[in-house]
Ligand SMILES: [Zn+2]
Ligand SMILES: [Zn+2]
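In this note's numbering, the protein residues as written are 2 to 164.
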């Protein structure tokens, strides 16, 4: 692959791009969210919003709406944490990269799981209490911006490995 520049992609954009990729696996038509959990600059888990394994998918059967929310799906952040729970991976002191600002329930869960840094790509109903909680417990939240230059270099459509 030809590289236009010798400059390497910053870690925060690299991890966020993983979350964007994961969001493409979402099974809910309402919103596609991806989440990547990182510890010591290593990806330890990933998730996207989708049904409980074995249940039907929103994209096949339509969403299951109660009080204006789709209740079928597990949020991306929770799926990533649950992957750690399932395989016994510690989350204490880890960071998470999420494509959308996490909801209040996910924020509480992430903080309780020991996540110390929350990075998000796009604002999404940013919850005031969630923001306050993040500060209260001494965690941090920041918005990551993706620079076109790194991703245009991928030239995905022009290489032999794309079919
Ligand atoms: Zn749905
Ligand atoms: Zn959530």
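Every residue gets a Cβ at the ideal spot worked out from N, C-alpha and C, and that includes glycine.
Residue of the options minimising C-alpha distance to residue i
i: residue 74; options: 86, 98 and 32; result: 32
i: residue 35; options: 24, 28, 41 and 29; result: 24
i: residue 128; options: 26, 61 and 109; result: 109
i: residue 40; options: 100, 96 and 147; result: 96
i: residue 100; options: 94, 27, 21 and 9; result: 21
Residue i versus residue j - alpha carbon distance
i: residue 52; j: residue 77; result: 10 Å
i: residue 136; j: residue 130; result: 10 Å
i: residue 98; j: residue 119; result: 6 Å
i: residue 90; j: residue 114; result: 11 Å
i: residue 103; j: residue 121; result: 8 Å
i: residue 143; j: residue 153; result: 24 Å
i: residue 58; j: residue 117; result: 32 Å
i: residue 172; j: residue 37; result: A question about residue 172 goes unanswered here, because the residues of the chain that appear run from 2 up to 164.
Identified DSSP bridge partners for residue i
i: residue 96; result: 39 and 118
i: residue 66; result: 71
TODO: Would you be able to state if there are at least three C-beta pairs under 8 Å between the stretch 80-93 and the stretch 46-63?
DONE: yes
TODO: Determine contact between the stretch 138-147 and the stretch 61-72, defined as no fewer than three beta-carbon pairs at a distance below 8 Å.
DONE: no
TODO: Mind listing which residues have their beta carbon within less than 5 Å of any non-hydrogen atom of ligand 2? Chain order is fine.
DONE: 76, 104 and 107
Open item on the list: Under 6 Å, CB to any heavy atom of ligand 1. Which residues pass, going along the chain?
Closed with: 29, 31, 59, 64, 71, 73 and 74
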